[in-house]
Structure formats: C-alpha cells, structure tokens
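These notes concern the structure reproduced below.
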Amino acid sequence: MVAGVIAITRHGADVLVSDDSPINSAVRARFINARMSELWAPSEPDVLTGRAGSMAQEAEVLIQVRMGAEGQVVDTRYRVYGCPFTIAAVVLACERLVGLTAEELTRFRGLDLADALTFPAEKRGVALTVEDAVHALVTESSPCVGPR
Numbered sequence: 011m012v013a014g015v016i017a018i019t020r021h022g023a024d025v026l027v028s029d030d031s032p033i034n035s036a037v038r039a040r041f042i043n044a045r046m047s048e049l050w051a052p053s054e055p056d057v058l059t060g061r062a063g064s065m066a067q068e069a070e071v072l073i074q075v076r077m078g079a080e081g082q083v084v085d086t087r088y089r090v091y092g093c094p095f096t097i098a099a100v101v102l103a104c105e106r107l108v109g110l111t112a113e114e115l116t117r118f119r120g121l122d123l124a125d126a127l128t129f130p131a132e133k134r135g136v137a138l139t140v141e142d143a144v145h146a147l148v149t150e151s152s153p154c155v156g157p158r
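Its first residue numbered 11, the sequence shown is counted upward by one per residue in this note's numbering.
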C-alpha cells in the first residue's frame with residue numbers, strides 16, 4: 011500500500027482514498043460506517059418512500075421512513091448508489107430525519123448536509139439529489155423495494 015492512501019472496501023469493491031483527496035474526515039467516517047439495510051416491504055403500514063437521481067447520473071438515492079403514531083419519523087432505511095459524498099449525505103440525512111413531521115420533511119435542505127459535511131463546491135450537487143429524495147417522501151411517495 012502506498013503511504014498516504016487508505017483502502018476502503020465497500021460492497022466488494024476497493025475504494026482508494028489518498029490524504030490529498032477532498033474526502034474529509036466527516037465524509038470518510040459516514041462512508042466507512044454506512045449500513046444499508048433491508049428496505050421495508052411495500053405493504054408495511056406508515057412507510058413512505060422517496061427516490062431521486064439515477065445510475066446514469068451516478069447518484070441514485072432511495073430513502074424510506076416509517077411514520078409513528080405522533081406523525082413523526084421514527085425510523086429510516088436507504089439504498090444509495092454514488093460516490094462517498096453521496097453516501098455520506100444520505101447517512102447524515104437519515105440521522106436528521108428521525109423526529110421530523112411530514113411538514114418538516116418538505117422544508118428539508120440538502121445544502122445543509124453539504125455545509126455540515128464541508129463538501130467541496132464540485133460535490134454540493136449530490137446533496138440536492140438527497141434533498142429531492144427527502145421531498146419525494148411526501149410529494150411522490152410510492153411503495154417500492156429497489157432501484158428503478
């Protein structure tokens with residue numbers, strides 16, 4: 011291994027991240043520790059699903075939330091295809107969604123994720139894809155169990 015290079019294995023593929031990479035420690039930590047879970051079945055009650063992006067755009071996000079009896083998000087699940095910045099943004103979004111109401115989901119801002127994770131300018135757009143998926147939870151929610 012070359013000095014200053016970290017090898018991270020994600021889903022069977024090695025990702026090399028050098029010390030001079032724009033991937034900062036906040037992004038790196040969320041990327042390394044990302045845990046994609048089994049999506050809920052379409053028949054599950056109180057589950058909303060939102061998606062945005064595509065494989066062709068090199069960023070595809072699918073987020074599911076379970077709404078509790080009080081009308082707030084009580085749990086989240088996701089599937090994501092994209093670079094470490096996309097994955098880190100989805101992980102942080104899911105952390106922040108818990109406790110929000112449907113109305114608050116409509117006001118969710120992806121650029122807040124980019125700011126919190128100090129994305130470089132060229133990567134801030136992936137946070138908008140995550141924002142679109144969150145907004146789709148309320149505006150276009152559909153029961154689905156995988157990428158398009």
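Built from N, CA and C at the ideal position, the CB exists for glycine as well.
Inter-residue spacing [alpha-carbon to alpha-carbon] between T111 and D85: Counting from one through the sequence shown, the residue named residue 111 turns up at place 101. Counting from one through the sequence shown, the residue named residue 85 turns up at place 75. Distance between the alpha carbons of T111 and D85 is about 12 Å.
Contacts around E150, its chain only, beta-carbon distance under 6 Å, and the 5 residues preceding and following it disregarded: Here the question's residue 150 lines up with position 140 in the sequence shown. The answer is none, since no qualifying residue turns up.
CB contact flag (V71, G109, <8 Å): For the purposes of this step, residue 71 is identified with residue 61 of the sequence shown, where counting begins at 1. For the purposes of this step, residue 109 is identified with residue 99 of the sequence shown, where counting begins at 1. It is not a contact, given that the beta carbons lie outside the stated cut-off.
Per DSSP, the bridge partner or partners of D85: Within the sequence shown, the letter at position 75 stands for residue 85. Paired residues: R76.
Exposure of G81, with buried meaning 16 or more beta-carbon neighbours within 10 Å: On the sequence shown, residue 81 is found 71 positions in, with the first residue counted as 1. The residue is exposed, with fewer than 16 neighbouring Cβ atoms inside 10 Å.
Closest residue to G135 among A79, R87 and A62 (Cα-Cα distance): The residue you call residue 135 lines up with position 125 of the sequence shown. Considering only alpha carbons, the answer is A62.
Opposing strand residues paired with E70 [DSSP bridges]: Position 60 of the sequence shown, counted from the first residue, corresponds to residue 70. E70 pairs with G63 and Y91.
Distance CB(A137)-CB(A99) smaller than 8 Å: Position 127 of the sequence shown, counting from 1, holds the residue named residue 137. Position 89 of the sequence shown, counting from 1, holds the residue named residue 99. Cβ atoms of A137 and A99: closer than 8 Å.
Option nearest W50 by Cα separation, candidates N43, R89, Q67 and A44: Here residue 50 refers to the residue found at position 40 when the sequence shown is read from its first residue. Comparing Cα positions, the closest option is R89.
Inter-residue Cα distance where the pair is F129 and R40: Within the sequence shown, residue 129 is the residue found at index 119, counting from 1. Within the sequence shown, residue 40 is the residue found at index 30, counting from 1. Using only the alpha carbons, I get a separation of about 13 Å.
Option in C104, A44 and E68 with minimal Cα separation from K133: Here the question's residue 133 lines up with position 123 in the sequence shown. The shortest Cα separation from K133 among C104, A44 and E68 belongs to E68.
Contact belief for G120 with E105 at Cβ below 8 Å, rounded distance in angstroms: Counting from one through the sequence shown, the residue named residue 120 turns up at place 110. Counting from one through the sequence shown, the residue named residue 105 turns up at place 95. That belief does not hold up - the Cβ atoms of G120 and E105 are roughly 14 Å apart, past 8 Å.
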